[in-house]
Amino acid sequence: MRAPVRHLFTFLGRGVIGPYWLGVHEALVVGDLAPDPGEVAWWGWLTEEELPRAVGRWEFVRLWR
Numbered sequence: 080m081r082a083p084v085r086h087l088f089t090f091l092g093r094g095v096i097g098p099y100w101l102g103v104h105e106a107l108v109v110g111d112l113a114p115d116p117g118e119v120a121w122w123g124w125l126t127e128e129e130l131p132r133a134v135g136r137w138e139f140v141r142l143w144r
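Numbered per this note's numbering, the sequence shown spans residues 80 to 144.
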């Protein structure tokens, strides 16, 4: 898919691999989404109330060692 992307903000993350900068972006996609199952394990929409619980429970980034 192709969509214009807009940078919203950048923040400093602290984790196992040390401090790192992360950028948050947004894009408006018109039409159906069909992520490649070889690249994405799961995808879906979360409400604002569901997001904090998901961040505490799910692995969002996998570190390859």
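Glycine included, C-beta positions come from ideal geometry on N, C-alpha and C.
Next item on the list: Rank Gly123, Gly102 and Pro114 by C-alpha distance to the C-alpha of Phe88 and give the top, closest one.
Entry: Numbered from its first residue, the sequence shown carries residue 88 at position 9. For Phe88, the nearest C-alpha among the options comes from Gly102.
Item checked: C-alpha distance - Arg132 paired with Gly94, whole-angstrom precision -> Counting from 1 along the sequence shown, the entry for residue 132 is found at position 53. Counting from 1 along the sequence shown, the entry for residue 94 is found at position 15. If you take the alpha carbons of Arg132 and Gly94, they lie about 19 Å apart.
Item checked: Span of the alpha helix (DSSP H), counted from its first residue to its last, around Val134 -> For the purposes of this step, residue 134 is taken as the residue at position 55 of the sequence shown. First-last of the alpha helix (DSSP H) with Val134: Glu129 to Arg136.
Check: Do Pro98 and Leu91 come within 8 Å of each other at the CB atom, strictly closer than that value?
Finding: Taking the first residue of the sequence shown as 1, we reach residue 91 at position 12. Taking the first residue of the sequence shown as 1, we reach residue 98 at position 19. Yes; because the gap between Cβ atoms is below 8 Å, this pair is in contact.
Check: Can you tell me the Cα-Cα spacing of Pro116 and Gly123, whole angstroms?
Finding: Taking the sequence shown and counting its residues from 1, the one referred to as residue 116 is at position 37. Taking the sequence shown and counting its residues from 1, the one referred to as residue 123 is at position 44. Going from the Cα of Pro116 to the Cα of Gly123 covers about 13 Å.
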